[in-house]
Amino acid sequence: MGVLTPMNWFSPPTLQADQSPTDARIETLLQAAERRTPLVLIAGKGYEQLPWKLDCAYVVLGWYWISYTWVEAEPVGKGISPPRARDYFHRYKIRFDWIKSQGEPWWQCESYLSLHFDISQKNRPTFTVPQTPERASAHEEAVSGRRTEAGLNTPEPFLPVNSGFTINSPDPLFSNNDVMQRDFLKDKITYRATESCGEWPGDKEMTSCLPVITDQTEEPPIHLYDTFVCPNCQENTPLIYKEGQICVKPSCPAFFLLRTTCGLLPIPPGFCLTFNSPFLLPQPTPKSLENLPYNLVPSSIDENISEGAECEASLGGRALWKGWVCTDCKRANCRYRWEVWECRHCGNLFAPLGLDASMPLPSLSPNFPPFMGDAMTVNKGRIIVPSSTKNIAIAYDLPDAGTVYHVISHDRRVADKLLHDYQIEAARGFWFQRRALKAKAINLRFVVKGALLTQHFAVNSGMPYKYNVDTLSVPFDQSPSCVLAALNLISSGTSDVLRAETRFNEILSVMYREGQKMSWHDDGEPGLGPVVASLCLGSPANISFRSKAYQANGISCAEVTLSFILSHGDIMIMQGRDIQKKYHHRAMPYGLRIAATARMISDS
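Residue 436 is where the sequence shown starts when you use my numbering, and the numbers rise one by one after that.
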């Protein structure tokens, strides 16, 4: 893996210790090679060896099988402790071959290449061996005596061709599977016996318990590569490098030494080895891999998914949140528009919602009745009955921050109409979208490549609101009428509870489908006023507050301070600027839900 620097950028991958056949990840690959288990390869945009420039985060290459594995010597990085008696680590190399029952690889088809890639093929036949000035290992004592540091640059006597060091063409005695099983078992046996460097990565990991495939012996042998017999270890080894015969068995005293007319020599620092051309030829696929486990292209979505008897249930369900593989260019796309799937590459539209598609309130589940309480807080709430309406408000004081009000609506008819109107506007227009989170809003340990979309669809009206997400923002005079109606309802309800006229110049409308949510966040937009109010439409949601981590005595995950259920037609009011400074809050909907949150944001 790469090393994460303080600036959160990855340095080139550097080994910290030997890769061993008992390391969990290495063992998985070795066993996949032994059992001929098919694997799926995925290439990311940052993979330097990819011969194209991607315009997306990653691509699924297809099904592959492992035709050969070997070990190379990699120098110890700067500042890293080397293993005993040598200055290099063991790095495993894996050769993957295309499973031919899939047909021609998709990236070799011109129709796909012209759509997806900048076809600037890179020169990949050579690879650079890291600087390895000397080679020695403890296991050589038992074979030919320990080679001292002073003697590393002294060539060993060269064995002529007639001494048993021969190059062989593929013959019936050598099959890929035989070599795989022999190498894998020998690696595991000799590793413990020849290395004494303490505990290794993966030693304590669980080993695989998968059954060994037994039908491989029924297949005729697969003869691969030009080979030679190493005179030191007597192993039949592929001729991997064009420069000459290099044994890649870690237990061999000639491991990763270049055999020349002057004897065995260490690979010079910075020396570039070139793969032998026959070694790079595609290999035939074993018969046992002709039937693949499953198709990598997801099944197509029913174009009538938004129509028919289950229309109401599907509008707020997970089916209309899933990704989609474009039927034209085959790109995989997230659903970023509420009303339709759209391919971000070719613009193809799929399965748009009907213009009058809406989900009535009675069909939402669960439909909680109005109630007070069900709140968890360090301070008990108090009940407030506004004088001008029949609404009821419960006030919760957050220590040294402000007050949160839960306003339970008496008359829900306006909310019922807003729920319907919002859905109609969402189905007809380009309003509600999922946008990418800003980097500062992604609280992860490692760098995330590619856009990470929000788990909700949103549109902003009035003053631009771009704290965590660059949401689509439109002026009030260009906003749907339902948005302005929601703003009026929030303003009047808030003014009634606070007993003072409350104005807002921005409203963020958010729509959730089943499984979507708004994770822990604050509304700390620069210039934010002291009052933030939110209207709940549709399914109820669990609203929670917790103290920010840096003010919770160093606790990385503070306990929930306040939690209550916000139902259809209810309004939540946050009064006090310090609430945004000292607390995070989140919304966890129980189904299709619309939230309209109003704020006052100063021009400055």
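Note that the Cβ used here is the ideal one computed from N, Cα and C, for glycine as well. Here the structure is a predicted model, which means the values were calculated and not measured.
Of the residues the options, the one placed nearest residue i, counting alpha carbons only
{"i": "Leu-922", "options": "Leu-796, Cys-971 and Glu-949", "result": "Cys-971"}
{"i": "Ser-916", "options": "Leu-997, Tyr-857 and Gly-928", "result": "Tyr-857"}
{"i": "Thr-720", "options": "Pro-1024, Arg-772, Gln-537 and Asp-1038", "result": "Gln-537"}
{"i": "Lys-757", "options": "Asp-763, Val-775 and Lys-765", "result": "Val-775"}
{"i": "Glu-678", "options": "Asp-1013, Arg-470, Thr-696 and Ser-686", "result": "Thr-696"}
{"i": "Trp-866", "options": "Thr-889, Val-894 and Leu-997", "result": "Val-894"}
{"i": "Leu-700", "options": "Cys-682, Ser-686 and Ala-935", "result": "Cys-682"}
{"i": "Asp-522", "options": "Pro-733, Phe-691 and Lys-480", "result": "Phe-691"}
{"i": "Gly-1011", "options": "Thr-824, Thr-838 and Asp-763", "result": "Thr-838"}
{"i": "Arg-460", "options": "Tyr-527, Leu-1001 and Gln-680", "result": "Tyr-527"}
{"i": "Lys-1017", "options": "Met-898, Arg-981 and Ser-734", "result": "Arg-981"}
{"i": "Cys-668", "options": "Thr-937, Lys-825 and Ser-686", "result": "Ser-686"}
{"i": "Arg-470", "options": "Phe-706, Thr-824, Gly-698 and Leu-724", "result": "Leu-724"}
{"i": "Leu-784", "options": "Ala-792, Tyr-900, Ala-468 and Thr-762", "result": "Thr-762"}
{"i": "Ile-819", "options": "Asp-835, Pro-834, Ser-844 and Pro-540", "result": "Ser-844"}
{"i": "Val-951", "options": "Cys-764, Ala-754 and Gln-466", "result": "Residue identity check: residue 951 is Gln in the sequence provided, not Val. Considering only alpha carbons, the answer is Ala-754."}
{"i": "Ile-675", "options": "Tyr-771, Trp-773, Glu-507 and Met-794", "result": "Glu-507"}
{"i": "Leu-731", "options": "Ala-886, Pro-473 and Ile-1006", "result": "Pro-473"}
{"i": "Thr-709", "options": "Gln-680, Gly-698, Tyr-729 and Val-966", "result": "Gln-680"}
{"i": "Leu-450", "options": "Asp-490, Ile-477, Pro-510 and Leu-489", "result": "Pro-510"}
{"i": "Arg-1078", "options": "Val-475, Ala-467, Asp-490 and Lys-684", "result": "Only positions 436 to 1039 of the chain appear in the structure, and residue 1078 is not among them; the question remains open."}
{"i": "Arg-766", "options": "Ala-520, Pro-733 and Ala-786", "result": "Pro-733"}
{"i": "Val-909", "options": "Gly-928, Ser-927 and Glu-941", "result": "Glu-941"}
Own chain, CB closer than 8 Å to residue i, minus 5 neighbours either side, in chain order
{"i": "Trp-635", "result": "For Trp-635, the predicted model reports a pLDDT of 31, less than 50, meaning its position is unreliable; a value from the coordinates is still stated below. Once the five neighbours on either side are set aside, the close Cβ partners of Trp-635 are Ala-452, Asp-453, Ser-455, Thr-457 and Asp-458."}
{"i": "Gly-743", "result": "Low confidence applies to Gly-743: its pLDDT is 38, below 50, so where it sits in the model is not reliable, and the reading given next is rough at best. Cβ neighbours of Gly-743 beyond the five flanking positions: none."}
{"i": "Pro-540", "result": "Leu-496, Gly-497 and Trp-533"}
Boundaries (first-last residue) of the beta strand (DSSP E) holding residue i
{"i": "Ser-916", "result": "No beta strand (DSSP E) contains Ser-916, which is instead part of the alpha helix (DSSP H) from 916 to 933."}
{"i": "Leu-699", "result": "698 to 701"}
{"i": "Arg-526", "result": "523 to 533"}
{"i": "Ile-978", "result": "976 to 982"}
{"i": "Asn-895", "result": "892 to 897"}
{"i": "Cys-707", "result": "707 to 709"}
{"i": "Gly-538", "result": "No beta strand (DSSP E) holds Gly-538; DSSP gives it neither H nor E."}
{"i": "Pro-673", "result": "671 to 673"}
{"i": "Cys-971", "result": "966 to 973"}
{"i": "Pro-510", "result": "493 to 510"}
{"i": "His-956", "result": "953 to 956"}
{"i": "His-841", "result": "837 to 843"}
{"i": "Met-1035", "result": "No beta strand (DSSP E) contains Met-1035, which DSSP labels as neither H nor E."}
{"i": "Asp-661", "result": "No beta strand (DSSP E) contains Asp-661, which DSSP labels as neither H nor E."}
{"i": "Ile-681", "result": "It is not in any beta strand (DSSP E) - Ile-681 carries neither H nor E in the DSSP assignment."}
{"i": "Leu-1001", "result": "995 to 1001"}
{"i": "Ile-515", "result": "Here Ile-515 belongs to no beta strand (DSSP E), and DSSP marks it neither H nor E."}
Sequence-distant residues of its chain with Cβ nearer than 7 Å to residue i (five each side left out)
{"i": "Asp-851", "result": "Leu-796"}
{"i": "Leu-799", "result": "Gly-973, Ser-974, Gly-1026 and Leu-1027"}
{"i": "Asn-903", "result": "Leu-872, Lys-873, Ala-876 and His-956"}
Other residues of its chain near residue i: CB distance less than 6 Å, five sequence neighbours each side excluded
{"i": "Pro-1024", "result": "Tyr-947, Ser-974 and Ala-976"}
{"i": "Tyr-840", "result": "Ala-828, Ala-830, Val-932 and Ile-1008"}
{"i": "Arg-817", "result": "Ala-830"}
{"i": "Thr-906", "result": "Arg-870, Ala-893 and Asn-895"}
{"i": "Arg-848", "result": "none"}
{"i": "Thr-1032", "result": "Leu-943 and Ser-969"}
{"i": "Trp-955", "result": "His-1019 and Arg-1021"}
{"i": "Glu-745", "result": "With a pLDDT of only 40 at Glu-745, under the threshold of 50, the placement of this residue in the model should not be trusted, and no figure is reported."}
{"i": "Leu-464", "result": "Ile-529"}
{"i": "Gly-479", "result": "Tyr-493"}
Host alpha helix (DSSP H) of residue i (start-end)
{"i": "Tyr-857", "result": "848 to 863"}
{"i": "Thr-463", "result": "459 to 470"}
{"i": "Arg-1044", "result": "The structure shown does not extend to residue 1044, since the chain is modelled only from 436 through 1039, so no value can be given for it."}
Presumed contact (8 Å Cβ cut-off) between residue i and residue j, rounded CB distance
{"i": "Ile-925", "j": "Phe-939", "result": "7 Å"}
{"i": "Ala-871", "j": "Leu-853", "result": "About 28 Å separates the two Cβ atoms, so there is no contact after all."}
{"i": "Arg-1021", "j": "Ser-979", "result": "5 Å"}
{"i": "Ser-930", "j": "Ala-1030", "result": "The pair is not a contact, with the Cβ atoms about 20 Å apart (cut-off 8 Å)."}
{"i": "Ile-529", "j": "Trp-498", "result": "The pair is not a contact, with the Cβ atoms about 15 Å apart (cut-off 8 Å)."}
{"i": "Leu-963", "j": "Arg-1034", "result": "6 Å"}
{"i": "Pro-673", "j": "Tyr-503", "result": "7 Å"}
{"i": "Ala-689", "j": "Cys-665", "result": "6 Å"}
{"i": "Cys-764", "j": "Cys-781", "result": "5 Å"}
{"i": "Met-898", "j": "Ile-1036", "result": "5 Å"}
{"i": "Ala-792", "j": "Ala-886", "result": "Their Cβ separation, rounded to whole angstroms, is 27 Å, which puts Ala-792 and Ala-886 out of contact at 8 Å."}
{"i": "Tyr-900", "j": "Glu-860", "result": "Wrong, their Cβ atoms sit about 19 Å apart, outside the cutoff."}
The ligand PLP heavy atom lying under 7 Å from the CB of residue i
{"i": "Pro-685", "result": "Among the ligands in the structure shown, none appear at all, so the ligand PLP cannot be discussed."}
Within 8 Å, do at least three Cβ pairs link the segment 481 to 492 to the segment 511 to 523? With contact defined as three or more Cβ pairs closer than 8 Å, the segment 511 to 523 and the segment 481 to 492 are not in contact.
Under 8 Å, with one C-beta from each stretch per pair, do the segment 706 to 714 and the segment 658 to 668 reach the 3-pair mark? yes
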